[in-house]
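Residue numbers (my numbering): 108 to 233.
Have a look at the structure below before the remarks.
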């Protein structure tokens, strides 16, 4: 039986976490299917996106084959900033997973106008 979890993104620039508006965020399932696309608001956040996840009861017994989360990929783009891709973001049943994204201005990366950075989230040992 499937359940629902949520993913929320906070996009910002610099260590001061200055929020970035209109960052294009896309969330995809493990098979590459698009789950949702959003633009960040003036606080640098999106409304939580519903993600189908395994039911908690199906993964709470020892030796369970199924992971208690669904991994998703997040892409973030904003003109003038480095693109970000985060693989393996884990979304659990009944919770909101918050992914912080620090976008680096391309002015700080001369010659990197088409550069993107990919982060991999390893699975938890549950």
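Here a beta-carbon is modelled for each residue, glycine too, at the ideal position from N, C-alpha and C.
Could you spell out where the beta strand (DSSP E) holding residue 150 opens and where it closes?
-> Run containing residue 150: none; DSSP gives neither H nor E here.
Got a sec? Which residues, its chain only, sit under 7 Å from residue 212 by beta carbon, not counting five neighbours each side?
-> 120, 187, 188
Simplified DSSP assignment, three categories, for residue 135 | strand
Three-state secondary structure (DSSP) of residue 146 | strand
Sub-8 Å separation of residue 160 and residue 228 beta-carbons | no
Kindly identify the DSSP beta-bridge partner or partners of residue 179.
-> 196
Return the chain-ordered list of same chain residues with a C-beta closer than 7 Å to the C-beta of residue 141, the five sequence neighbours on each side being excluded.
-> 133, 135
Kindly identify the DSSP beta-bridge partner or partners of residue 236.
-> Lying before the first or after the last residue shown, residue 236 is absent from the chain, which here runs from 108 to 233.
Whose C-alpha, out of 174, 123, 148, is nearest the C-alpha of residue 115?
-> 148
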